[in-house]
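Encoded as structure tokens, the structure appears first; notes follow it.
2 protein chains.
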Amino acid sequence: MLHLGMKNLLKSKKLRVTSFRTDVLNVFQSHENAIDMGMVEKELGEHDRITLYRTIKKFIDVGILHEILINGESKKYALCSHSCESEAHHHDHIHFLCTDCNETYCLEPQQMPVINHPSFQIDSFEVQAKGICDNCKS
Amino acid sequence: MLHLGMKNLLKSKKLRVTSFRTDVLNVFQSHENAIDMGMVEKELGEHDRITLYRTIKKFIDVGILHEILINGESKKYALCSHSCESEAHHHDHIHFLCTDCNETYCLEPQQMPVINHPSFQIDSFEVQAKGICDNCKS
DNA sequence: ATTACATTTGCAACATTGATGCAAATATAT
DNA sequence: ATATATTTGCATCAATGTTGCAAATGTAAT
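First to last, the protein sequences are chains B and U. According to this note's numbering, the first sequence is numbered sequentially starting from 29. According to this note's numbering, the second sequence is numbered sequentially starting from 29.
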């Protein structure tokens with residue numbers, strides 16, 4: 029059962045519609061928050077590791093997914109909102125990692141950081157916050 | 029030629045003073061900005077890869093170095109300022125990557141991001157900015 | 001529908017990085 | 001000077017990122 033939206037998403041990015049790619053997109057659509065490669069692999073069932081790696085990479089390149097770094101170690105991925113352009117991922121949201129349940133949420137900041145360095149030209153920010161989420165705050 | 033400050037730094041962190049560790053510290057002290065593992069290896073000359081890996085890791089653990097993530101790929105390291113505690117790296121500064129010269133600067137933000145999510149408990153931020161630095165702004 | 005062509009997949013092979021166990025070497029305190 | 005805990009160097013391994021290439025597949029043109 030193919031979501032029509034996913035086919036159009038792929039076509040709009042000039043990517044061919046394959047079952048592998050729709051399977052991967054299905055996995056991401058079934059998760060509200062960002063997930064890591066292990067989760068994708070588990071839910072995907074049997075598959076080729078290299079193909080998945082290239083699929084994720086391509087999805088990031090064209091702006092279907094974006095990558096989130098958890099500390100220095102692991103990476104997570106999430107579907108880009110429609111505002112995501114192919115060229116640059118200009119996220120005006122920040123990533124919040126709950127140190128209790130390890131879920132990664134995308135939040136909308138009221139204000140991005142302000143830097144007092146007038147001679148530097150600042151093009152983009154990436155912000156990651158850590159703390160305790162709603163559910164885990166007992 | 030051993031810097032007395034480095035010996036004291038190691039002792040204050042309850043680490044033994046070895047030539048390997050002072051060599052590594054020398055490399056970092058000769059750079060104003062953050063450097064990556066390749067740069068450390070190059071300037072260190074012949075050495076054991078695993079020992080360097082463990083040395084860097086220990087330095088991060090005790091708060092001598094801190095780690096900076098460049099995009100999703102590479103890591104850089106820099107000496108912690110004296111305000112860095114062993115337990116937690118509570119940096120109130122952000123990392124700025126010049127996309128032209130690839131230097132990584134530590135900047136002091138006037139204001140950290142503000143999040144409109146009152147039910148989340150936010151403990152820390154990590155911020156990375158990208159743009160063009162002073163030198164490269166032609 | 002069939003064909004032609006470019007894309008995508010799956011496999012082999014390899015590079016890089018992160019990590020652990022252990023014996024030898026070394027720093028520190030007595 | 002010696003005892004002891006730390007550190008180093010080596011072997012080894014796991015996980016991840018990457019490329020080349022032939023076979024398979026999607027897409028567009030006929």
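From the three backbone atoms N, C-alpha and C, an ideal C-beta is built for every residue, glycine too. Everything numeric in this text was worked out from a predicted model, so none of it was measured.
- For L135 (chain B), the neighbours in chain U by C-beta distance under 7 angstroms run, in chain order, I143 and H145.
- For the set U:D76, U:N144, U:F148 and U:E131, the Cα lying nearest the Cα of K103 (chain U) is the one of U:E131.
- Neighbourhood of A157 (chain B) in chain U, by CB distance below 9 angstroms: P141, I143, F148, I150, D151, S152, F153 and E154, in chain order.
- Secondary structure at L80 (chain B): helix, using DSSP grouped into helix, strand and coil.
- Look at V45 (chain U) here: in three-state DSSP terms it is coil, with no helix or strand label.
- Annotation for K70 (chain B): the continuous alpha helix (DSSP H) segment containing it runs M65 to L72.
- Between V142 (chain U) and Q138 (chain B), the CB-CB gap stays under 7 angstroms.
- Around the beta carbon of F48 (chain U), fewer than 16 other beta carbons lie within 10 angstroms, which makes this residue exposed.
- E60 (chain B) counts as exposed, since fewer than 16 other beta carbons sit within 10 angstroms of its beta carbon.
- Among the bridge pairs identified by DSSP, L107 (chain B) is matched with B:L93.
- In the displayed model, F56 (chain U) falls within a helix according to three-state DSSP.
- Taking 7 angstroms as the threshold, the shortest C-beta distance from C129 (chain U) to chain B does not fall below it.
- Approximately 7 angstroms separates the beta-carbon atoms of E69 (chain U) and L80 (chain U); this is inside 8 angstroms, confirming the contact.
- Neighbourhood of K165 (chain B) in chain U, by CB distance below 9 angstroms: S147, F148 and Q149, in chain order.
- I78 (chain B) sits exposed, since fewer than 16 C-beta atoms from the chains shown fall within 10 Å of its C-beta.
- Contact with chain B is found for Q138 (chain U), since one of that chain's Cβ atoms lies less than 7 angstroms from the residue's Cβ.
- The distance from the Cβ of C164 (chain U) to that of C126 (chain U) is about 6 angstroms, consistent with a contact at the 8 angstroms cut-off.
- The beta carbon of I160 (chain B) sits closer than 7 angstroms to some beta carbon of chain U.
- Beta bridge pairing from DSSP links A157 (chain B) with B:F124 and U:F153.
- DSSP places C134 (chain U) in the uninterrupted beta strand (DSSP E) bounded by T132 to L135.
- The criterion of a C-beta distance shorter than 7 angstroms is satisfied by M140 (chain B) and F153 (chain B).
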